[in-house]
Amino acid sequence: MAKSSRRRRAAKLMDRPSASTMGEVNPDDRISSLPNDILLNILDRLDVRNAARTSVLLRRWSQLPAMLPRLVISAPDLLPSETKTKKTNGKLVRRTKAAVAEALANAGLSNAELVQRTNAAVAKALADAAKVVANTAAAKATKSILARRDPGGCTIRLLSMTFYLKDDAPISVGHSVASAMATCKIEKAEFIVLTEKECLECDVYDMENYGTRFVSFFNECVNAFAGLTRLHLQNLRFAKSDFVSNILVTCKKLNYLGFLNCDTEDWITLQVEHAQLSELSIVNCRFDMVKLAWVPKLTCLAFEFWVSFRKPPLSFGHVPLLEVLRLSNVALNRHKMVKLSTFLHETSVRDLRLGFKSEKIWVQPECLTRRQAYVFCQLRILNLLSIPEGYDLTWTMFFLEAAPSLKELILTVIDHPCEMEMDQKVRRQKSYSRNKGVQWESPTSNFKHHCLTKLTFFCFQYEEYMVSHVRRVMKAAVNLGDVYLYDRLTCIYCEGEEPLKPIVFPKTNKQMSSVEKQIRKGIESPAIIHFLAAAEISDDYRARVTEDC
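This is the structure we're talking about:
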């Protein structure tokens, strides 16, 4: 009891600027005279680099970074500028240029091609060097801030570490975090483990190399992993098939686990049993089967891209709280259509997102019996993402007929050049579908839906099949309140590229009025139609129509 009261008195004293510290304060410096909790609130809004820089202002400021309730340290945020990297790595640039010149001496390249190859090699070498610097800085910042942390001080609400799987920095971070876990109270601890190469740049050798590095890191820092609540991994191939299961066994506190572009040498059945896991993301991974055997707290699942399999290698066991489900795939001719009533029969999802990556529709529209439709009875939000352009959309109505409680329907119809395979020869070799659409006819004439209140249509164009579909939904949804028709979405990767088809979105008041009249012709609907530019999309909706890759 006495110990607790001493801590409270010490905390109050810390909240007040000391007399000696106040003596150093410039009379015009009103910020430094503020209480610690307000200063900490200010620092909490800065990244770690800028927060650390404030420590040079006064002795009092130097204590504050170690008192922050949220410690977010990210190596990518600490990357030095390209100019600074070039200045400090002159020898590296010269060595790289010499190595490229020697390797391509007899390649018969033109001067322009040689310059291009040399510049690319130098850019890569400098980028790798910058990542080493940033990683080292992240490890040092982690060690410094956590070492100065008062064990009896305030709780760390979030400790988030993002670093590259390179050199000894990850182990240094792991040891620092493990020590902090042993002495301080930490509510949430997160590792985001990056690799030098991005997902699309990695070959099998890279993934095996990264996998070996991660296993060494994991085995060296087991105590840190045991205390994590969030873990994101990418571009790893594990030599031992049971290692993924070891992660689940060791990291007993995990609430979130994410795998991006990961697999094992021998494709395995990944059996997921975890008492605390509430979010699981498996994107572009090659596991023979993922069985959600016993995940009683799982509420959100993302399972995307099973290109190597004819049907999604996923099965649902005990997942009673699963509400949010994200499924996406690039469907080829060999892929089987997925009957969602069978695939999801053990679930009761409320928020469903299905992504098609501008390729073949892989969902099989169904005429469901009442028993089969039970899987959709809790569905409230449906988001159909990257539907290919130019195909009839009637098949989406089967969701309305199957989901009587659906409140919001979101459609995005777009051919996305930067995500699609555009080479016709490659498309033929890999069996991409020429006909991407699917046909469906409702068995119920004059169907009415009574719960849908909101229809959002991204990349709407003044084309007959889109106008007809908006009419179809408005006619069926008798209580529809708002219809939001957005112009084509912009993509930073598609800048400068012409759309595959001309954009025909109504922009003037006259055009909007004309399209609205055509939509409403012969329909009595209370819905208000809104025509909106892409720039008017809220951050929340932009996140909904952005697929992870």
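Those letters in the sequence shown? Residues -6 to 542, by this note's numbering.
Heads up, the beta-carbon is just placed ideally off N, CA and C, and yes, glycines get one too.
- Query: Near arginine 537, what residues of its chain come up, given a Cβ to Cβ distance below 7 Å and the 5 sequence neighbours on each side ignored?
  - Reply: Against the sequence shown, residue 537 aligns to sequence position 544. Taken in chain order, the residues that qualify are Asn376, Ile403.
- Return the CA-CA distance between alanine 123 and threonine 78, expressed in angstroms with no decimal places. Translated into positions along the sequence shown, residue 123 becomes position 130. Translated into positions along the sequence shown, residue 78 becomes position 85. Per the coordinates, the alpha-carbon of alanine 123 lies some 6 Å from the alpha-carbon of threonine 78.
- Just the C-alpha distance for alanine 114 and glycine 83, rounded to the nearest angstrom, thanks. In the sequence shown, the residue the question calls residue 114 occupies position 121. In the sequence shown, the residue the question calls residue 83 occupies position 90. Each residue's Cα considered, the two are about 14 Å apart.
- Message: The alpha helix (DSSP H) that contains lysine 233, what's its start and end?
- Response: Along the sequence shown, read from residue 1 onward, the residue named residue 233 stands at position 240. DSSP places lysine 233 outside any alpha helix (DSSP H), giving it a letter other than H or E.
- May I ask which residues mark the beginning and end of the alpha helix (DSSP H) holding valine 108? Here residue 108 refers to the residue found at position 115 when the sequence shown is read from its first residue. Boundaries of the alpha helix (DSSP H) harbouring valine 108: 104 to 140, taken from the DSSP string.
- Do the CB positions of glutamine 269 and leucine 247 come within less than 8 Å of each other? Working through the sequence shown from its first residue, we reach residue 269 at position 276. Working through the sequence shown from its first residue, we reach residue 247 at position 254. The answer is yes: Cβ separation under 8 Å.
- Query: Measuring CA to CA, which of Ala469, Glu194, Ser67, Arg223 is closest to glycine 251?
  - Reply: Taking the sequence shown and counting its residues from 1, one reaches residue 251 at position 258. It is Arg223 whose Cα lies nearest to the Cα of glycine 251.
- Item | Same chain, Cβ closer than 7 Å to leucine 229, five either side skipped, listed in chain order | By 1-based counting over the sequence shown, the position of residue 229 is 236. Within the same chain, Cβ atoms closer than 7 Å to the Cβ of leucine 229 are found at Met200, Tyr203, Gly204, Phe207, Cys255, the five residues on either side in sequence being excluded.
- Task: Report yes if the C-beta distance between threonine 135 and leucine 187 is below 8 Å; otherwise report no.
- Result: Along the sequence shown, read from residue 1 onward, the residue named residue 135 stands at position 142. Along the sequence shown, read from residue 1 onward, the residue named residue 187 stands at position 194. Not closer than 8 Å, so no.
- Residues near histidine 523 in its chain [Cβ-Cβ closer than 6 Å; skip 5 each side]: Locating residue 523 in the sequence shown gives position 530, counting from the first residue. Excluding its 5 nearest sequence neighbours in each direction, histidine 523 has C-beta neighbours in its own chain below 6 Å: Tyr477, listed in chain order.
- Query: Are there three or more Cβ pairs, one per stretch, closer than 8 Å when the stretch 342 to 354 is compared with the stretch 313 to 332?
  - Reply: These segments touch.
- From what residue to what residue does the alpha helix (DSSP H) around threonine 176 run? Residue 176 sits at position 183 when you count from the first residue of the sequence shown. Element bounds for threonine 176: 162 to 176.
- Task: Could you tell me which residues DSSP puts in a beta bridge with threonine 257?
- Result: One-based indexing of the sequence shown puts residue 257 at position 264. DSSP output for threonine 257 lists Phe231 as bridge partner(s).
- Task: For the alpha helix (DSSP H) containing leucine 152, list its first residue and its last residue.
- Result: Taking the sequence shown and counting its residues from 1, one reaches residue 152 at position 159. For leucine 152, no alpha helix (DSSP H) run applies; the uninterrupted beta strand (DSSP E) run containing it begins and ends at 149 to 157, by DSSP.
- For alanine 105 and asparagine 128, believed in contact at Cβ under 8 Å, the rounded distance: Start at 1 with the first residue of the sequence shown, and residue 128 comes out as number 135. Start at 1 with the first residue of the sequence shown, and residue 105 comes out as number 112. Not really, about 35 Å apart at Cβ, beyond 8 Å.
- Please report the residue range of the alpha helix (DSSP H) in which lysine 551 lies. Residue 551 cannot be examined here, being either before or after the span of the chain that is shown, -6 to 542.
- Query: Would glutamine 227 be called buried (16 or more neighbouring beta carbons within 10 Å of its own) or exposed?
  - Reply: For the purposes of this step, residue 227 is taken as the residue at position 234 of the sequence shown. Burial call: buried.
- Message: Residues in the same chain with beta-carbon distance under 6 Å from arginine 535, minus the five sequence neighbours each way, listed in chain order, please.
- Response: In the sequence shown, counting from the first residue as 1, residue 535 sits at position 542. Counting only Cβ-Cβ distances below 6 Å, and skipping sequence neighbours, we find nothing.
- Euclidean distance between Cα positions of proline 62 and isoleucine 407: Here residue 62 refers to the residue found at position 69 when the sequence shown is read from its first residue. Here residue 407 refers to the residue found at position 414 when the sequence shown is read from its first residue. Distance between the alpha carbons of proline 62 and isoleucine 407 is about 43 Å.
- Taking 8 Å as the cut-off, decide whether the C-beta atoms of serine 165 and alanine 132 are in contact. Residue 165 sits at position 172 when you count from the first residue of the sequence shown. Residue 132 sits at position 139 when you count from the first residue of the sequence shown. The answer is yes: Cβ separation under 8 Å.
- Message: By the DSSP assignment, the beta strand (DSSP E) with leucine 273 in it spans what residues?
- Response: As a working mapping, residue 273 is identified with position 280 in the sequence shown. Segment 272 to 276, the beta strand (DSSP E) holding leucine 273.
- Query: Can you pull the DSSP bridge partners for asparagine 376?
  - Reply: Position 383 of the sequence shown holds residue 376. For asparagine 376, which the question treats as bridged, DSSP gives the partners Arg346, Ile403.
- In terms of DSSP beta bridges, what is arginine 464 paired with? For the purposes of this step, residue 464 is taken as residue 471 along the sequence shown, with counting starting at 1. DSSP output for arginine 464 lists no bridge partner at all.
- Spell out whether any CB of chain B is found under 8 Å from the CB atom of tryptophan 355. The displayed structure is made up of one protein chain only, and chain B is not part of it.
- How long is the line joining the alpha carbons of leucine 333 and glycine 146, rounded to whole angstroms? Here residue 333 refers to the residue found at position 340 when the sequence shown is read from its first residue. Here residue 146 refers to the residue found at position 153 when the sequence shown is read from its first residue. Cα-Cα distance, rounded: 51 Å.
- Do the stretch 334 to 348 and the stretch 363 to 371 make contact, defined as three or more Cβ pairs closer than 8 Å? Taking 8 Å as the limit for Cβ pairs, the verdict is that the stretch 363 to 371 does touch the stretch 334 to 348.
- Query: Would you report the Cα separation of serine 531 and leucine 482, rounded to the nearest angstrom?
  - Reply: Here the question's residue 531 lines up with position 538 in the sequence shown. Here the question's residue 482 lines up with position 489 in the sequence shown. Rounded to the nearest angstrom, the two C-alpha atoms are 12 Å apart.
- Message: Alpha carbons only, please: which of Gln511, Lys500, Phe440, Asp235 is nearest the one belonging to serine 461?
- Response: As a position in the sequence shown, residue 461 is number 468, starting the count at 1. Relative to the Cα of serine 461, the nearest Cα in the group Gln511, Lys500, Phe440, Asp235 belongs to Gln511.
- Message: Judging by CA-CA distance, which residue of Glu394, Lys500, Trp388 is the nearest neighbour of lysine 441?
- Response: The sequence position of residue 441 within the sequence shown is 448, counting from 1. Out of Glu394, Lys500, Trp388, Glu394 has the C-alpha closest to the C-alpha of lysine 441.
- Task: Taking all protein chains shown into account, decide if threonine 335 is buried (16 or more other Cβ within 10 angstroms of its Cβ) or exposed.
- Result: Stepping through the sequence shown from its first residue, residue 335 is reached at position 342. With fewer than 16 other Cβ atoms within 10 Å, it is exposed.
- Would you say threonine 257 and serine 234 are within 8 Å of each other, going by their C-beta atoms? Sequence index remark: in the sequence shown, residue 257 carries index 264 (1-based). Sequence index remark: in the sequence shown, residue 234 carries index 241 (1-based). One thing to note: threonine 257 has its Cβ within 8 Å of the Cβ of serine 234.
- Minimum C-alpha distance to phenylalanine 302 - residue among Arg279, Ala286, Asp259: Counted from its first residue, the sequence shown places residue 302 at position 309. Scanning Arg279, Ala286, Asp259 for the CA closest to the CA of phenylalanine 302 turns up Arg279.
- Are serine 137 and valine 65 touching if we call contact CB-CB under 8 Å? Here residue 137 is taken as the residue at index 144 of the sequence shown, counted from 1. Here residue 65 is taken as the residue at index 72 of the sequence shown, counted from 1. Going by C-beta atoms, serine 137 is not nearer than 8 Å to valine 65.
- Please go through the stretch 302 to 375 and give each complete alpha helix (DSSP H) segment of 4 or more residues, from N-terminal end onward. Runs found: 333 to 336.
- Euclidean distance between Cα positions of proline 410 and glutamate 213: Residue mapping note: residue 410 aligns to position 417 of the sequence shown, counting from 1. Residue mapping note: residue 213 aligns to position 220 of the sequence shown, counting from 1. Spanning the two alpha carbons is a distance of roughly 44 Å.
- Query: Between asparagine 277 and the rest of its own chain, which residues show a CB-CB distance below 6 Å, the 5 nearest in sequence each way excluded?
  - Reply: As a working note, residue 277 is residue 284 in the sequence shown. Scanning its chain for C-beta atoms nearer than 6 Å, with the 5 sequence neighbours on each side dropped, one finds around asparagine 277 the residues Asn254, Phe298, in chain order.
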